[in-house]
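Student: First the structure, then my questions, so here it is.
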Amino acid sequence: MTEDIRRDEAPGETHSGDSTATSGRSSGKTGQIRARNKARIISAAEEVFAAKGYAGATTAEIATRAGLPKANVHYYFSTKEAIYRAVIDNILDLWLEPFQRITEDDDPAEALAIYIRTKVMLSRDKPLASRIYANEIIRGAPILADYLGTDLREWVAEKSEVLRKWADKGLMDPVEPAHLLFLIWASTQHYADFQAQAKAVLHHRDLTEEDFETAVQTITRVVLKGCGVKTG
1 MTEDIRRDEA
11 PGETHSGDST
21 ATSGRSSGKT
31 GQIRARNKAR
41 IISAAEEVFA
51 AKGYAGATTA
61 EIATRAGLPK
71 ANVHYYFSTK
81 EAIYRAVIDN
91 ILDLWLEPFQ
101 RITEDDDPAE
111 ALAIYIRTKV
121 MLSRDKPLAS
131 RIYANEIIRG
141 APILADYLGT
151 DLREWVAEKS
161 EVLRKWADKG
171 LMDPVEPAHL
181 LFLIWASTQH
191 YADFQAQAKA
201 VLHHRDLTEE
211 DFETAVQTIT
221 RVVLKGCGVK
231 TG
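Start counting the sequence shown at 1; every next residue gets the next number (UniProt numbering).
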């Protein structure tokens, strides 16, 4: 690990007599080390921010959880806020990307079903990141306000046009697109943000694969029927 860290901290370093091919291989390895270490930091940060909140989390604790020196964490992320943003950027990319590719030529039943399934399974696989995002919004989005009012608003406006065109083609009932997206986000993220409540009500120690599959089927049925989406 120490050797990997040292190599990554000096990505431009070469040894006398290195060939271009050797330099290229070294650069590729450096990139892999960078990606691996950043992923470790983000994963550790999810645990710390979810447990302590933004105010209570420290870079030192994140470094310890990641198994990396604090100086190395600062090499990748200069501040705690930069780590926090990276954690949230990561979950937002995972949340939004599946719906990013849809066009008016897609089948709305299939596109919405895939999006709902993806979001529920992300609640299963990335619950901590979802809770961090929820806590940020509950606090009034002090760090993400700029993103919400620009990038996310533009994304919703773009996807709203697709939903409206589906309605114009008679493929679904006219619905307010932003509120449909709010509904999907809230229902799918419930299984991460309110997991303790779901487990208590379902009388399960942990949510099972069957629970998540039931959630997918139920939310999909409600959304497709509620929006009058034509199927088959």
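Glycine included, each C-beta is placed from N, C-alpha and C at the ideal position.
#1: Go to valine 162, then tell me how far its alpha helix (DSSP H) extends in each direction, as first and last residue.
#2: Rounded to whole angstroms, what's the CA-CA distance from threonine 208 to lysine 38? Just pull it up for me.
#3: Does DSSP classify lysine 126 as helix, strand or coil?
#4: In terms of alpha-carbon separation, which member of Ile116, Leu68, Ile42 and Asp106 lies closest to isoleucine 88?
#5: Please list, in chain order, all residues of the same chain as serine 130 whose beta carbon is under 8 Å from its beta carbon, the five residues on each side excluded.
#6: Counting C-beta neighbours from all protein chains within 10 Å, is the total for phenylalanine 182 16 or more, i.e. buried, or is it exposed?
#7: Which residue marks the beginning of the alpha helix (DSSP H) containing serine 78, and which one marks its end?
#8: Within a Cβ cutoff of 7 Å, which residues of the same chain sit near proline 108, ignoring the five residues on either side of it in sequence?
#9: What do you get for threonine 150, buried or exposed, if any count of 16 or more other CB atoms within 10 angstroms of its CB means buried?
#10: Can you name, in chain order, every residue of its own chain whose Cβ lies under 7 Å from the Cβ of leucine 180, other than the five neighbours on each side?
#11: Starting from the Cα of residue 254, find the closest Cα among Thr79, Ser160, Ile62 and Lys80 and give me that residue.
#12: To the nearest angstrom, how far is the alpha carbon of alanine 63 from that of isoleucine 143?
Tutor: From the atom records:
#1: Here residue 162 refers to the residue found at position 162 of the sequence shown. Its alpha helix (DSSP H) spans residues 153 to 168.
#2: Translated into positions along the sequence shown, residue 208 becomes position 208. Translated into positions along the sequence shown, residue 38 becomes position 38. Spanning the alpha carbons of threonine 208 and lysine 38 requires a straight line of approximately 30 Å.
#3: Your numbering for residue 126 matches position 126 in the sequence shown. Of the three classes helix, strand and coil, the one that applies to lysine 126 here is coil, per DSSP.
#4: Here residue 88 corresponds to residue number 88 of the sequence shown, with the count starting at 1. Looking at Ile116, Leu68, Ile42 and Asp106, the one whose alpha-carbon comes closest to that of isoleucine 88 is Ile42.
#5: Position 130 of the sequence shown, counting from 1, holds the residue named residue 130. The residues Ile91, Leu122, Ser123, Gln189, Ala192 and Asp193, in chain order, have a CB closer than 8 Å to that of serine 130 in the same chain once the five nearest residues on each side in sequence are set aside.
#6: One-based indexing of the sequence shown puts residue 182 at position 182. Looking at its Cβ environment, which holds fewer than 16 other Cβ atoms inside 10 Å, phenylalanine 182 is exposed.
#7: On the sequence shown, position 78 is the one that residue 78 refers to. That residue, serine 78, is in no alpha helix (DSSP H); it is neither H nor E in DSSP.
#8: To locate residue 108, count along the sequence shown from 1; it is residue 108. Cβ neighbours of proline 108 beyond the five flanking positions: Trp166, Leu171, Met172 and Val229.
#9: Position 150 of the sequence shown, counted from the start, is the residue given in the question as residue 150. Flag for threonine 150 reads exposed.
#10: On the sequence shown, position 180 is the one that residue 180 refers to. Scanning its chain for C-beta atoms nearer than 7 Å, with the 5 sequence neighbours on each side dropped, one finds around leucine 180 the residues Leu163 and Cys227, in chain order.
#11: Lying outside 1 to 232, the shown extent of the chain, residue 254 is not represented and no answer is given.
#12: Translated into positions along the sequence shown, residue 63 becomes position 63. Translated into positions along the sequence shown, residue 143 becomes position 143. One C-alpha to the other measures close to 22 Å.
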